[in-house]
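Chains as they are written, first to last, in my numbering: chain U, 1 to 203; chain G, 1 to 203.
The beta-carbon is built from N, C-alpha and C at its ideal position, and this holds for glycine as well.
Everything on this sheet refers to the single structure shown next.
There are 2 protein chains.
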Amino acid sequence: MSALLLQSIRSLVPVSDDQWQRIEAATQHRSFKKDEFISRDGEINRFTNFIESGSLRVFHIDGDGQERVIQLGVTGWWASDFASFTNQQPGLLHVQALEATELRSFSYEAVHRLFEELPVFERFYRLLIQRAYAAFQNRMLQNLSMDAEQRYLQFRQLYPELNEQILQKHVASYLGMSAEFLSKIKKRVYELDKQQKRATKPS
Amino acid sequence: MSALLLQSIRSLVPVSDDQWQRIEAATQHRSFKKDEFISRDGEINRFTNFIESGSLRVFHIDGDGQERVIQLGVTGWWASDFASFTNQQPGLLHVQALEATELRSFSYEAVHRLFEELPVFERFYRLLIQRAYAAFQNRMLQNLSMDAEQRYLQFRQLYPELNEQILQKHVASYLGMSAEFLSKIKKRVYELDKQQKRATKPS
DNA sequence: CGTCTATTTGAATGTACTCAAAAGCGGTGG
DNA sequence: CCACCGCTTTTGAGTACATTCAAATAGACG
């Protein structure tokens with residue numbers, strides 16, 4: 001019984017206990033150790049994943065060997081190489097556990113079986129993607145219109161848990177900047193915070 | 001009768017003639033002149049749009065007045081301020097016709113009515129978003145891992161029709177670079193092409 | 001404690017931007 | 001049909017934001 005997953009689904013559609021049982025029966029539980037790969041570049045990604053605990057990153061390695069983090073995920077989030085899963089074609093992305101991580105995964109077949117059996121599940125899935133798409137459009141907007149410091153501040157405000165839990169170098173990559181530069185930004189922001197505090201409450 | 005729209009839908013799901021009539025009846029036809037706004041920043045976007053002819057851009061104006069093109073659309077594409085439409089909340093984006101443009105639009109109410117009446121339409125809509133999301137993930141990948149010249153070359157290869165039909169300044173904004181810089185890139189690429197041709201077939 | 005990796009810091013560099021001016025293009029009216 | 005106007009594109013010079021590389025420091029893990 002995965003209370004978190006049920007909660008994630010019920011936040012988008014109403015589900016009877018009977019329906020929930022059929023959904024849960026379609027999932028499989030998967031465990032990964034720190035740094036273990038959940039799926040790889042070049043493979044067909046067979047699963048879409050709900051994170052029960054732990055964290056992971058979805059990333060690409062481009063021509064010159066640079067890693068680019070496309071997505072980060074922590075407990076209660078969904079994450080996979082979506083394009084590869086959807087089209088059942090070899091993917092461009094790696095998915096890797098960043099710590100010991102427990103997933104509740106739906107295989108491609110399971111998802112499509114549920115679409116046929118439970119219209120409410122297809123609706124849930126549609127809403128899930130809709131939300132993800134809207135979030136992505138927002139992220140694109142930010143990447144286009146903000147400089148590195150603004151992106152970091154926005155990220156820190158929006159996802160404080162990621163900012164704490166995930167290694168800085170992965171956060172930097174997610175935000176589209178070098179790890180060194182993020183380090184400099186954090187220093188600058190920290191000094192500004194200090195100054196502001198002093199200014200706000202002068203002894 | 002909108003053959004193009006029917007084609008767009010049938011490319012994703014099978015639709016009977018009867019079902020198609022109910023879908024088409026739910027649409028409305030809307031015409032826009034060049035530069036006219038289809039929806040605006042701050043408004044709730046009531047429609048999702050299929051482009052029957054013409055072209056449009058979806059863009060954001062940020063703090064310092066800079067315009068950032070999030071999406072471009074031409075005949076046969078779907079485009080709207082998706083986040084605003086989906087959540088029925090005031091949007092951050094403008095949608096504007098780039099030339100005389102004919103849309104076939106679905107209101108928020110019409111879409112939801114169709115979801116209830118025709119499960120096949122909900123499936124179509126899910127597949128449409130799925131595809132858009134996968135494309136977006138790809139674009140994000142490219143924005144993170146490619147420099148300006150590579151992004152332009154990829155764009156030109158992927159969407160030659162957009163490259164020809166849309167003003168360079170909008171393409172530049174879509175690609176996340178200044179119009180001036182795109183101009184310089186095009187010159188460089190053109191000179192390279194010339195050199196290559198000379199090298200390939202020396203008199 | 002020692003090793004391995006992550007983060008910090010600094011210097012030099014580069015990619016892309018801004019600003020300004022010139023050239024090109026398209027439409028409209030005389 | 002030509003001349004002019006407005007807008008887009010081109011071009012060049014100076015600049016800035018962010019990168020790369022290298023070395024030092026700090027942290028985590030066995």
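Member of the options whose CA lies at the smallest distance from the CA of residue i
i: residue 66 (chain U); options: U:102, U:170, U:200 and U:160; result: U:170
i: residue 71 (chain G); options: G:173, G:10 and G:177; result: G:173
i: residue 100 (chain G); options: G:119, G:120, G:84 and G:30; result: G:30
i: residue 176 (chain U); options: U:195, U:166, U:193 and U:147; result: U:147
i: residue 167 (chain G); options: G:55, G:130 and G:126; result: G:55
i: residue 27 (chain U); options: U:135, U:37 and U:104; result: U:104
i: residue 7 (chain U); options: U:42, U:163, U:50 and U:102; result: U:50
i: residue 77 (chain G); options: G:5, G:126, G:140 and G:118; result: G:5
i: residue 36 (chain G); options: G:57, G:127, G:20 and G:139; result: G:57
i: residue 25 (chain G); options: G:117, G:43 and G:69; result: G:117
i: residue 34 (chain G); options: G:102, G:48 and G:43; result: G:102
i: residue 139 (chain U); options: G:68, G:20, G:43 and G:181; result: G:68
i: residue 165 (chain U); options: U:119, U:73 and U:194; result: U:73
i: residue 20 (chain U); options: U:119, U:47 and U:48; result: U:119
Under 8 Å between C-beta atoms of residue i and residue j
i: residue 145 (chain G); j: residue 94 (chain U); result: no
i: residue 83 (chain U); j: residue 137 (chain G); result: yes
i: residue 75 (chain U); j: residue 39 (chain U); result: no
i: residue 45 (chain U); j: residue 85 (chain U); result: yes
i: residue 41 (chain U); j: residue 91 (chain U); result: yes
i: residue 185 (chain U); j: residue 161 (chain U); result: no
Residue i Cβ short of 7 Å to the ligand MG heavy atom set
i: residue 12 (chain G); result: Of the ligands one can find in the structure shown there are none, so the ligand MG has no counterpart to examine.
Environment of residue i [buried if 16+ CB atoms lie within 10 Å]
i: residue 142 (chain G); result: buried
i: residue 199 (chain G); result: exposed
i: residue 88 (chain U); result: exposed
i: residue 79 (chain G); result: buried
i: residue 183 (chain U); result: exposed
i: residue 81 (chain U); result: buried
i: residue 1 (chain U); result: exposed
i: residue 3 (chain U); result: exposed
i: residue 16 (chain U); result: exposed
i: residue 196 (chain G); result: exposed
i: residue 63 (chain G); result: exposed
i: residue 32 (chain G); result: buried
i: residue 130 (chain G); result: buried
i: residue 128 (chain U); result: buried
For residue j and residue i, believed in contact at Cβ under 8 Å, the rounded distance
i: residue 204 (chain U); j: residue 115 (chain U); result: Outside the shown range of chain U (1 to 203) lies residue 204 (chain U), about which nothing can therefore be said.
i: residue 133 (chain U); j: residue 179 (chain G); result: That belief does not hold up - the Cβ atoms of residue 133 (chain U) and residue 179 (chain G) are roughly 28 Å apart, past 8 Å.
i: residue 123 (chain U); j: residue 125 (chain G); result: Contact doesn't hold; Cβ gap of about 10 Å is too wide.
Count the CB pairs spanning the segment 107-114 of chain G and the segment 6-14 of chain G that are closer than 8 Å, and state whether there are at least three.
Contact fails: fewer than three Cβ-Cβ distances are below 8 Å.
Does the segment 145-156 of chain G come close enough to the segment 184-194 of chain G to have 3 or more Cβ pairs within less than 8 Å?
They touch, by the three-pair rule.
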